[in-house]
Structures are given as structure tokens and as C-alpha cells.
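As numbered in my numbering, residues 182 to 293 make up the sequence shown, in order. From the three backbone atoms N, C-alpha and C, an ideal C-beta is built for every residue, glycine too. As C-alpha cells, the structure follows; a few thoughts come after it.
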Amino acid sequence: MPDLIRRLALWLRLFLTPGTGRHRRPRHRPHLTAVPLVPPPAPPARLPLHRSPYGLPTPLDGTVSRLVRPYLLAHEQDAALKQRRRLALVLAADFGIDLDRHLVGAPEVSAA
182 MPDLIRRLAL
192 WLRLFLTPGT
202 GRHRRPRHRP
212 HLTAVPLVPP
222 PAPPARLPLH
232 RSPYGLPTPL
242 DGTVSRLVRP
252 YLLAHEQDAA
262 LKQRRRLALV
272 LAADFGIDLD
282 RHLVGAPEVS
292 AA
């Protein structure tokens, strides 16, 4: 570790003393001439910021919208069809009543 103190002193001198090259900062600032101030042009009108519907203070009311999810509509129709089939099956099994009026291949019978 020869010359440890000398190396430390050189290293500190690099940080604490001004540089010696021609690109160092000048000691005095040049005087600026007075230039008449022109007001900056008005900024152009900007669009309003985008607001996410998830950040609104009140929740959205789903009953107001006419949009219907197709899978919910299909489920409701399927449930109604199943209910009608169950009713027809119960009436046909228990009471002998047939609710199906459209039979393919069966002749029409008049009630009179």
C-alpha cells in the first residue's frame, strides 16, 4: 500500500478543486441584453380527461339499460320451455290431458 495518503489526497483533489480544462464552467456569467417579453401563446384547448366508469361515485343501474345478455335470455327461455314440458307431462300422466295440439300425422278432430 505505498503512497496511500498521496493517492487519497489526489482523489479528493479531483472532487474538491475546479477542473483545468477549457470546458470548465466560466467564473462569471455574460450579461444578457434586454429582450421584450412576448407573452407565450395560449395553450390549445384540450380534451377532458378520460374517466373510468369503475371510478364513478354512484354505481350504474343495470335496469335502465336495454341491453340484455344473450346467455341470460337463452337460459330464461330454456327454463320456461322445461316448465311447460313438465306441466304437460304431469297433466298427461295424472289426468290423461294432452296439451299438445299440433301432432304430425294425426287427423284433425272437431269438437262439435
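Please classify His231: does DSSP put it in a helix, a strand, or coil? Numbered from 1 along the sequence shown, position 50 holds the residue referred to as residue 231. Residue state, collapsed to three classes: coil.
If you reduce the DSSP assignment to three classes, tell me which class Ala273 lands in. Walking along the sequence shown from the start, residue 273 turns up at place 92. Here Ala273 sits in helix by DSSP.
Whole angstroms are fine: how far does the CA of Pro229 sit from the CA of Leu237? Working through the sequence shown from its first residue, we reach residue 237 at position 56. Working through the sequence shown from its first residue, we reach residue 229 at position 48. Those two C-alpha atoms are separated by around 16 Å.
For the alpha helix (DSSP H) that contains Arg194, what are its first and last residues? Taking the first residue of the sequence shown as 1, we reach residue 194 at position 13. Residues 185–197.
For Val223, name the three-state secondary structure that DSSP assigns. On the sequence shown, residue 223 is found 42 positions in, with the first residue counted as 1. The sequence given here places Ala at residue 223; Val does not occur at that position. Coil, per DSSP.
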